[in-house]
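Chemist:
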Amino acid sequence: MNALYPWQKKDWQALLRERERLPHALLLTGPAGIGKLRFAERLANLLLCETPGSAEPCGECEGCRWFAAGNHPDYRLLTPAEAEEDEDGKTKRKQPVIPVDAVRELEDFVNLTSHRRGVRVTVVAPAETMNVAAANAFLKTLEEPPAGAVFILVAHHWRRLLPTIRSRCRQFPLSLPDHHAAESWLAAEGVVNPQLHLAHMGGAPLAALEDASAPWLAQRNELLQHLANPAALDVIGIAQTLEKTRLDVALVVDWLQKWGHDIVSLGLSGNIRYYPDWRDDLQRLSVRAVPLLEWQKTLLSARKAAHHPLNPRLVYESLLFAYLDALRTRAVKPQ
Ligand SMILES: [Zn+2]
Numbered sequence: 015m016n017a018l019y020p021w022q023k024k025d026w027q028a029l030l031r032e033r034e035r036l037p038h039a040l041l042l043t044g045p046a047g048i049g050k051l052r053f054a055e056r057l058a059n060l061l062l063c064e065t066p067g068s069a070e071p072c073g074e075c076e077g078c079r080w081f082a083a084g085n086h087p088d089y090r091l092l093t094p095a096e097a098e099e100d101e102d103g104k105t106k107r108k109q110p111v112i113p114v115d116a117v118r119e120l121e122d123f124v125n126l127t128s129h130r131r132g133v134r135v136t137v138v139a140p141a142e143t144m145n146v147a148a149a150n151a152f153l154k155t156l157e158e159p160p161a162g163a164v165f166i167l168v169a170h171h172w173r174r175l176l177p178t179i180r181s182r183c184r185q186f187p188l189s190l191p192d193h194h195a196a197e198s199w200l201a202a203e204g205v206v207n208p209q210l211h212l213a214h215m216g217g218a219p220l221a222a223l224e225d226a227s228a229p230w231l232a233q234r235n236e237l238l239q240h241l242a243n244p245a246a247l248d249v250i251g252i253a254q255t256l257e258k259t260r261l262d263v264a265l266v267v268d269w270l271q272k273w274g275h276d277i278v279s280l281g282l283s284g285n286i287r288y289y290p291d292w293r294d295d296l297q298r299l300s301v302r303a304v305p306l307l308e309w310q311k312t313l314l315s316a317r318k319a320a321h322h323p324l325n326p327r328l329v330y331e332s333l334l335f336a337y338l339d340a341l342r343t344r345a346v347k348p349q
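Residue numbering for the sequence shown follows the working numbering, starting at 15 and increasing by one per position.
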């Protein structure tokens, strides 16, 4: 069943204390990879559980059984459509969205009489993937909620939601697990170096679990090795290799962003966050922290455009050249 992760119990209890006053729309926020969807599903299950007064889904009533089987008639889960494949079987690198059609179907669902107890629960995750038309349609449903309709929105980036949607939801930030809880959970999942993978993913345990067994670990390692030796960095060659891997450009930009973050952070405050395993190299490069601030801005714009690059190789080339430029620039001493 959709049991909570060990680090979610406090949040769960805090939410339950307010159970009687829960609004019809709740917005669960926090970084990706901490288990927000699991939490939302658990809450949906509880709302649909037919055993009165229980603080956990009972797991035995008919509501719980429907839910566990994935076909409760009063439950909907809205997630982005799967990436489409074109005729050659290649995945189109399109940003996943929740389309307006899905939200229109939802209107029918929430406006119908419920099948069982009068509650109809919808989970939208991640809510910021609704495209503009979908978000506007969804807003209408939120504005005139039929009795018994409950919406649980999950967002990694809640600021990207329409302010009008945000203002109609009660925001409930989920806690990032403390390192100890996250590390023991990862160790129990069989991860060999939990601390390191947690660092790579900024402390998010589910993301760290993925990181530990990601198919691209070797590619990332190779790229970081190149970044660590800028004097020998062959921009054209690396960009070509990266393009051939067909990795999501956003993923590669994410590695670069973390690399840049650590150099800047080491240089300005002595802290390292993402790549403690590269400390010596990062430390050496951190004398260029100030000029690398510019590179971070470049990376940020690249990140925004990363889901629809016209030519990944050119994107990689320009980011790597910008990196070298920043490293060559003499740091301007602060006044
Ligand atoms: Zn139940």
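Quick reminder that beta carbons are idealized off the backbone N, C-alpha and C, glycines included.
1) Whose C-alpha, out of P159, L341, A226, is nearest the C-alpha of E246?
2) If you pair each beta-carbon of the segment 186-202 with each one of the segment 147-164, do three or more pairs fall below 8 angstroms?
3) So what does DSSP say about R107, is it helix, strand or coil?
4) If you follow the beta strand (DSSP E) that T136 is in, where does it begin and where does it stop?
5) For a test of the three-state rule: what should DSSP assign to D100, helix, strand or coil?
6) Along the alpha helix (DSSP H) that carries T43, what are the first and last residues, could you check?
7) Write down every uninterrupted run of the alpha helix (DSSP H) in the segment 228-266 whose length is 4 residues or greater and which is fully enclosed by it, in chain order.
8) How close, in whole Å, do the beta carbons of D273 and L241 come, if the pair is a contact with beta carbons under 8 angstroms?
9) Would you mind working out which of H86, N59, L40, Q271 sits nearest G73, comparing C-alpha positions?
10) Just checking C72 against ligand 1 - is the residue's beta carbon closer than 7 angstroms to any of the ligand's heavy atoms?
11) Report all residues from its chain with a CB closer than 8 angstroms to the CB of A222; omit the five preceding and five following residues, and keep chain order.
12) Determine whether the beta carbon atoms of H275 and R287 lie at a separation below 8 angstroms.
13) Would L92 and A116 be called neighbours here (beta carbons separated by less than 8 angstroms)?
14) Counting along the chain, where does the beta strand (DSSP E) carrying R90 start and finish?
Modeler: Quick look at the numbers:
1) Walking along the sequence shown from the start, residue 246 turns up at place 232. A quick correction: the sequence has Ala, not Glu, at residue 246. Nearest of P159, L341, A226 to A246, Cα basis: L341.
2) no
3) As a first step, residue 107 must be located in the sequence shown, where it is residue number 93. With a pLDDT of 48 at R107, under the threshold of 50, the modelled position of this residue cannot be trusted, and the question is left open.
4) Sequence index remark: in the sequence shown, residue 136 carries index 122 (1-based). Looking at the DSSP string, the run of the beta strand (DSSP E) that includes T136 is 134-138.
5) For this step, residue 100 is matched to residue 86 along the sequence shown. With a pLDDT of 47 at D100, under the threshold of 50, the modelled position of that residue is not reliable, and no figure is offered here.
6) Residue 43 sits at position 29 when you count from the first residue of the sequence shown. It is not in any alpha helix (DSSP H) - T43 instead sits in the beta strand (DSSP E) that spans 39-43.
7) 231-242, 249-259
8) What you label residue 273 is simply residue 259 of the sequence shown in a count that begins at 1. What you label residue 241 is simply residue 227 of the sequence shown in a count that begins at 1. For the record, residue 273 in the displayed sequence is Trp; it is not Asp. At roughly 6 angstroms, the Cβ-Cβ gap stays under 8 angstroms, so W273 and L241 are in contact.
9) Position 59 of the sequence shown holds residue 73. Considering only alpha carbons, the answer is N59.
10) Along the sequence shown, one-based indexing puts residue 72 at 58. The answer is yes for C72.
11) Taking the sequence shown and counting its residues from 1, the one referred to as residue 222 is at position 208. Contacts found: G47, A196, L200, V205, P208, H211, L212, H214, M215.
12) As a first step, residue 275 must be located in the sequence shown, where it is residue number 261. As a first step, residue 287 must be located in the sequence shown, where it is residue number 273. Cβ distance < 8 angstroms, so H275 and R287 count as in contact.
13) Taking the sequence shown and counting its residues from 1, the one referred to as residue 92 is at position 78. Taking the sequence shown and counting its residues from 1, the one referred to as residue 116 is at position 102. Yes, Cβ-Cβ distance for L92 and A116 is below 8 angstroms.
14) If you number the sequence shown from 1, residue 90 lands on position 76. Residues 89-92.
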